[in-house]
Structures are given as structure tokens and as C-alpha cells.
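A short worksheet on the structure shown next.
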Amino acid sequence: MLVDTKFHHVAQPLFYASLDARLVRPDLAISLLHHPHLAKYVRHLTERGAITHTTLAAISACTNLTSLTWIDDLPSSPHSPSAFSRNRNADTETRALISLAAQRTRLPHLSSLTLRTYNDLTPEAWTQLTAIPNLTRLSLWCFASLGNTWSSGLLAESLTHLELCVGALSSADCISLFSGLPLLQDLRLKGAPSSIIPRILALLPALHTLDTDFMWRRQSTENYQPHPAIQLRHLAVRTSTSTHERMYAWLDDLGQPTDSFRLQAFAFRTTHVVPSGFVRGLPSTLREFMVGEAQLHPVDLQFLCQSMRGLERLECGLRTSEISVVQAAIQAGKKLREIKIFVEGIKLGLEQATEWMLGHENLRVIGVNSDVFKGTWVAGPALQVEEAIVDGNRWGT
Numbered sequence: 016m017l018v019d020t021k022f023h024h025v026a027q028p029l030f031y032a033s034l035d036a037r038l039v040r041p042d043l044a045i046s047l048l049h050h051p052h053l054a055k056y057v058r059h060l061t062e063r064g065a066i067t068h069t070t071l072a073a074i075s076a077c078t079n080l081t082s083l084t085w086i087d088d089l090p091s092s093p094h095s096p097s098a099f100s101r102n103r104n105a106d107t108e109t110r111a112l113i114s115l116a117a118q119r120t121r122l123p124h125l126s127s128l129t130l131r132t133y134n135d136l137t138p139e140a141w142t143q144l145t146a147i148p149n150l151t152r153l154s155l156w157c158f159a160s161l162g163n164t165w166s167s168g169l170l171a172e173s174l175t176h177l178e179l180c181v182g183a184l185s186s187a188d189c190i191s192l193f194s195g196l197p198l199l200q201d202l203r204l205k206g207a208p209s210s211i212i213p214r215i216l217a218l219l220p221a222l223h224t225l226d227t228d229f230m231w232r233r234q235s236t237e238n239y240q241p242h243p244a245i246q247l248r249h250l251a252v253r254t255s256t257s258t259h260e261r262m263y264a265w266l267d268d269l270g271q272p273t274d275s276f277r278l279q280a281f282a283f284r285t286t287h288v289v290p291s292g293f294v295r296g297l298p299s300t301l302r303e304f305m306v307g308e309a310q311l312h313p314v315d316l317q318f319l320c321q322s323m324r325g326l327e328r329l330e331c332g333l334r335t336s337e338i339s340v341v342q343a344a345i346q347a348g349k350k351l352r353e354i355k356i357f358v359e360g361i362k363l364g365l366e367q368a369t370e371w372m373l374g375h376e377n378l379r380v381i382g383v384n385s386d387v388f389k390g391t392w393v394a395g396p397a398l399q400v401e402e403a404i405v406d407g408n409r410w411g412t
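Mapping to my numbering: the sequence shown position 144 is 159, numbers consecutive.
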């Protein structure tokens, strides 16, 4: 009994530290109100659907909350419960939630806020949002208009991480939006024309991480003027374009990242080959090069492994049909921890995977096409390599 009691006291704070209404029973808010002593353990809370009086009261009870997420992913109807009227009014609910987040007497430790809604963010809601003090992380996804300035509120004085969808803004308003965020370090931006990204970067002197789309709009090319880019450490780009040359010219304008480069290319109609000039222009400090199934020439992959002595993670396609060419290309990558190579018509066996790992001190995950192998040190000591079987996505990413 004593052991059970001690375990209960230790486990309870851990169990309630992160609560997600999408994963637990629907009466999450009611449970917190019925057991207010448990609410003090909640650090991360995710709510969904209508904001009710019960929801607001439950959030208020979580006085040690550091991150709050609201996902308005449930369909509205005349019978949807709401704190404010019989018919749901998403704007009123959003403003009520933002107002609560701004009350430091109730939520003194709140530093991260996520709002995802299909509705507009009205000027009143935007004014409330930009007035929240001491917020360092904001993720805001709405499918209509946003405000176009942060300068009138407290949010800009503390915000370091921002995730934002700006598809409803004009290019001018989008650029203006980023003119008042001098502390921003990490930006995930969706829906912005690629032609204005260099100009946005020029407004963010502290930025070191960018995750964005390559979306080239033909009508914006006349006004495209590259601006001196800051030095990014991490760059991730998503694209479905087949205009490869223009994308890599645009990447050159952004400047090469020092630590990691990721490319997520969807729906390419032709084979995507990463240009040799781009690969050879990457800094020698790069630790991650992840371009999915986009292909490299073997000589470029070999150059990458030889020049980037600290390279730890590698993912790419390779233009070859011989496994020996793959092995030779990665031979110089002594710091590699994980590699994923897409090569048409090649299978990797357990014996070969073991040989590769023994030849690389840190290499513990090898994937070639759909074959994935993971290695661990066991008693002996000896390196044990096994084929990894992961349901659904065998890469485990």
C-alpha cells in the first residue's frame, strides 16, 4: 500500500502534465473542475470545439499552464453548445479565449498559445491578441483575414516563435506584418508568395529558423527584388512546383543555412535532381541534409559527405542502380547517425547494413527504399542490427 501511495503521488503530476481533448474523454473540462487539485499539474492543454463557460472555468483552474491550444475543428450547428448564445459565434469565443490568455493573474506562466479556426480573426480579436504580455510562442491558423501590424501591442516585445498562415493577406500587408517583430527567432510561414520572403527576412534580425513554402506567383515577378538575407541556421521548404530552376535561384537569395536544410517536394511530375551548384554551395557546417526523394548525383553525395564533416542526418535519392556506388558515396561521412536513400531497383540486406554501421562509428539507422535497419550495442559489447518494422510508415517519421 505504501508503494502504491508513493507511486500515485509521483505519477499523478506526470499523467496530468499534458492533456489533449482529442485523445481523452469529451468531459475533460468537467473532470478538471470536479478535481481542482489535479488542475494545478496541467502544463499543456489542448481544447477543441465550442468554448463554453465550463471550458473557460477549467482553463482558469490550470494556474500553472504554460501552453494552451484551441482547435476549432468541430462543425457548428444551431445546437452546438457555446458560452455566449444558442448559435455558435466563433469570433466571440475566440475573443473570450484570448482575453483569458491575457489575464496574468489567472494564467501567470502561459508562454505558448495556439489558435486554429476556420473563421475570421476580427480587428477586435487581433487587438486583444497583440496585447497579450510575455507570450513567446504563437501558432495562428485562420482561413480569413488577419491584422497587419503588431506594433500596438505587448506581444511583439516577447514573441520569439511564430507559426502563421497569411494566405488571405496581400503582399504589402504581409511584409508590413513582420516589420514589428525584432525578437523573432523561429518562423513557420504558410501562404506567403515566395517573392517577398527575402524582404521579410530582412526585417527579422534575430531569425535563425525558417519553415516556408515555395509558391511562385507569376504576377509578382516584376516586383521581385532580392534583399540581403540574414544567416539562417535551419531552413525547411515545402513545394509542389515543377519549376526547379527558379526555386534554387530563390534559395540562393535566402542564403544557405548553416545547420540543416530540408526539402519536402510533393507531386513532382518529373524527376527532381538537386543541382550540383546548390549542393556545392552549402556551408561545411551543415549537420542535416534532408531532401526526400529528390535525387543527387553520386559525385555530389560524395562531396557532401567529404565536405560536411559534421553531417549527421542524410536523406535523398541517388542516381545509380548499384549498391556499391551508394556505399562509396557515403564512406566519408564519419559522423553520420541516420541515412535514408531512395534508389530505384536496389535492396539492402542485413549483412550489408551491419557492414555499413561497423564502418561508421555513429551510424545507427539505415534506410534504402522500404528497407530500414536499426543498430544497438548489446552485451559483449557487440553491435546488433535488426530490420525495423513500423506499421504504416516504415520510416517512422
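The beta-carbon is built from N, C-alpha and C at its ideal position, and this holds for glycine as well.
Asked	Found
4-residue-minimum alpha helix (DSSP H) runs that sit fully inside the region 327 to 407, ordered along the chain	338 to 345, 365 to 373
Runs of alpha helix (DSSP H) wholly within the region 99 to 140 (minimum 4 residues, chain order)	105 to 116
Range of the contiguous alpha helix (DSSP H) that encloses C320	313 to 322
Limits of the beta strand (DSSP E) - the one that C180 falls within	176 to 180
Nearest-angstrom Cα separation, counted from A76 out to I8	The question about residue 8 has no answer here: the residues shown for the chain are numbered 16 through 412.
Buried versus exposed call for L373 [16 or more other C-beta atoms within 10 Å across all chains shown]	exposed
P220 to Q279 span [Cα, whole Å]	26 Å
Whole-number beta carbon distance between L192 and L174, since they are thought to touch under 8 Å	Wrong, their Cβ atoms sit about 12 Å apart, outside the cutoff.
Inter-residue spacing [alpha-carbon to alpha-carbon] between E303 and L378	14 Å
L196 beta carbon less than 8 Å from that of W165	yes
Secondary structure of M262, DSSP reduced to three states	helix
7 Å CB neighbourhood of Q234 in its chain, flanking five on each side removed	At Q234 the pLDDT is 49, less than 50, meaning the model places this residue with poor confidence; the figure from the coordinates comes in the next sentence. Once the five neighbours on either side are set aside, Q234 has no close Cβ partner at all.
Spatial neighbours of I338 in its chain, beta-carbon cut-off 6 Å, leaving aside the 5 residues before and after	I361
Nearest neighbour of T254, chosen from W231, P272, D268, F276 [CA to CA]	W231
Collapsed DSSP secondary structure at M16 in the structure displayed	In this prediction, M16 has a pLDDT of 47, which is less than 50 and means its spatial position is unreliable; nothing more can be read from the coordinates.
Identity of the residues DSSP links to Q279 by a beta bridge	R253
Status (buried if at least 16 other CB within 10 Å, exposed otherwise) for H52	exposed
CA-to-CA distance, A117 to S336, given in whole angstroms	59 Å
Beta carbon of G332 nearer than 8 Å to that of E308	yes
Assigned secondary structure, F304 (DSSP; H/G/I helix, E/B strand, else coil)	strand
Nearest-angstrom Cβ-Cβ length linking I356 and V341, presumed shorter than 8 Å	6 Å
Paired residues, beta bridge with C77 - DSSP	For C77, which the question treats as bridged, DSSP gives no partner whatsoever.
Paired residues, beta bridge with K205 - DSSP	C180
Exposed unless 16 or more other CB atoms sit within 10 angstroms - verdict on Q367	buried
At least 3 beta-carbon pairs within less than 8 Å: the region 139 to 149 vs the region 74 to 88	no
Delimiting residues of the alpha helix (DSSP H) encompassing L216	212 to 216
Cβ-based burial, D315 [other Cβ within 10 Å; buried from 16]	buried
Euclidean distance between Cα positions of E260 and C320	24 Å
Three-way DSSP call (helix, strand, coil) for Q234 in this model	In this prediction, Q234 has a pLDDT of 49, which is less than 50 and means its spatial position is unreliable; what the coordinates show is noted afterwards. Three-state DSSP puts Q234 in a helix.
Among T132, Q200, P213, A171, the one whose alpha carbon lies nearest that of H223	Q200
Close Cβ partners of T236 (< 8 Å) along its chain, the five nearest in sequence each way excluded	For T236, the predicted structure reports a pLDDT of 47, less than 50, and the residue's modelled location is therefore unreliable. A value from the coordinates is still provided. Hits under 8 Å: S210.
Status (buried if at least 16 other CB within 10 Å, exposed otherwise) for W392	exposed
Assumed close pair D106, A140 - CB separation to whole angstroms, cut-off 8 Å	6 Å
Identity of the residue in L71, E62, A111, T69 nearest D88 by Cα	E62
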